[in-house]
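**Student:** Whatever position you read off the sequence shown (first residue = 1), add 913 for my numbering. Here a beta-carbon is modelled for each residue, glycine too, at the ideal position from N, C-alpha and C. Everything numeric in this text was worked out from a predicted model, so none of it was measured.
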Amino acid sequence: MTVLNQNLDYDKPVKLAEGVYWVGFNDTQSRLHSNPYLIHDGDEAVLIDGGSRPDFSTVMRKVLQTGIRPGQISHLIYQHYDPDLCGSIPNLEQIIGRSDLKLISKQENNPFIRHYSVRSEMVCIDRIGRQLTLQSGRVLRFFSTPYAHSAGSFITYDESSGILFSSDLFGGISEVSNWELFLELHQKCGPCTQPQPQEPDDLCDDIQAPCTWTGLHLFHQQIMPCNKALHHALSIVQAIRPTMIAPQHGSIFYRREDIDYTIQRLMAMNDIGIDGLV
Ligand SMILES: [Fe+2]
Ligand SMILES: [Fe+2]
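1) If we require 4 or more residues per run, which alpha helix (DSSP H) segments fall completely within the region 985-1070?
2) To the nearest angstrom, report how far apart PHE969 and SER1001 are at their CA atoms.
3) Here's the rule I'm using: 16 or more other beta-carbon atoms within 10 Å means buried, otherwise exposed. How should HIS946 be labelled?
4) Starting from ASP954, trace the beta strand (DSSP E) both ways and give me its first and last residue.
5) Would you say the beta carbon of SER947 comes nearer than 8 Å to a heavy atom of ligand 2?
6) Is the beta carbon of PHE1166 sitting closer than 9 Å to the one on LEU1096?
7) Quick check: is any heavy atom of ligand 2 less than 8 Å from the C-beta of HIS1133?
8) Alpha carbon to alpha carbon, how far is ASP1071 from VAL936? Give it in angstroms, no decimals.
9) Is there contact here, the region 1063-1082 with the region 980-997, by at least three beta-carbon pairs under 8 Å?
10) Return the residue from the list PRO1104, GLY1103 and ASP1118 that minimises the CA-CA distance to PRO1110.
11) From the DSSP output, in three-state form, read off VAL936 for me.
12) By how many angstroms is the C-alpha of GLY955 removed from the C-alpha of LEU1047?
13) With PRO949 and ASP962 assumed to form a contact (beta carbons below 8 Å), what rounded beta-carbon distance in angstroms separates them?
14) Could you compute how far the alpha carbon of ASP1039 sits from the alpha carbon of ILE1017?
15) Quick one: is VAL1191 buried, meaning 16 or more other Cβ sit within 10 Å of its Cβ, or exposed?
16) Can you name the start and end residues of the beta strand (DSSP E) that SER970 belongs to?
17) Does the distance from the CB of VAL959 to the CB of LEU989 come in under 9 Å?
18) Are the CB atoms of SER1033 and GLY932 within a distance shorter than 9 Å?
19) For MET1180, which of helix, strand or coil comes out of DSSP?
20) For GLN1161, count the other beta carbons within 10 Å of its own beta carbon; 16 or more makes it buried, fewer makes it exposed. Which is it?
21) Any idea which residues DSSP pairs SER965 with across the strands?
22) State yes or no: is the C-beta of SER1080 nearer than 8 Å to some heavy atom of ligand 2?
23) Going straight from the alpha carbon of PRO1059 to that of ASN1004, what length do you get?
24) Look up VAL959 in the DSSP assignment and give the residues it is bridged to.
25) Mapping DSSP to helix, strand and coil, what is PHE1078?
26) Less than 9 Å between the beta carbons of PHE1132 and ASP1081, yes or no?
27) Suppose contacts are defined by Cβ-Cβ distances below 9 Å. Is HIS953 in contact with THR979 by that definition?
28) Compare the beta carbon distance of PHE1056 and LEU1129 with 9 Å and say whether it is the shorter of the two.
29) Would you mind reading off the limits of the beta strand (DSSP E) that contains LEU929?
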């Protein structure tokens, strides 16, 4: 177990930075964890990729445990339109109970998101200059990552904390019941250029443990449409140079060298989506 993961209680929200919390669900039965995040700033709060309908009660309990009232949530950000992040929109709208609640996404996503029975105003990131400024002046900046994996996919950078909320990008599948919130690469794994083992439970001969790259590779291979879409999105992340990457699945990257090695490894993958099939 890595240092940051020691004494973490996954039944509670986990603070990532000032006002930033993981409010996700540690599903010990599944290889795929969903990670919604809450930003709490002054009287305002923003929920990013709020989660599925089955996860709603867990996510909401954690939101409340951060000390905020649901009515403080002013914006819901949805970085694309999949059910694992959008499924609980009606539940959230009901408990937040604000007529001025804004749902931030991108025009390409909104025709699909509205099918979750959305009542709130839907705002496209392009209409607000690709940034959201909170009442305190805190700026959340949005970067379009087309086809990684949806046409309207985007990622969100919190300038105050340096955290990049990367949606499905940097997501990973973990071994069942061996998931940790914070990822720390084994020192041999960063520079490794060997092909990764096929399955998340397979052990790597070098480190006698499962290989981090396996879950990352499988996830990106299955979820991203092609090499070009993934590599383009990674080049955007490279330019942002976040201090932490908080994806919607898998684990959080918080060490500079791990972020750099992971970008390198993902950039080298050339069998993503249709490119791995044809
Ligand atoms: Fe997705
Ligand atoms: Fe997802």
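**Tutor:** Result, derived from the coordinates:
1) 996-999, 1002-1009 and 1023-1026
2) 6 Å
3) buried
4) 950-954
5) yes
6) yes
7) no
8) 17 Å
9) yes
10) ASP1118
11) coil
12) 9 Å
13) 5 Å
14) 10 Å
15) exposed
16) Taken as a continuous stretch (DSSP letters only), SER970 belongs to no beta strand (DSSP E), being part of the alpha helix (DSSP H) at 969-978.
17) yes
18) no
19) helix
20) buried
21) Paired residue(s): none; SER965 is not in a bridge.
22) yes
23) 29 Å
24) ILE952 and HIS988
25) strand
26) yes
27) yes
28) no
29) 927-930
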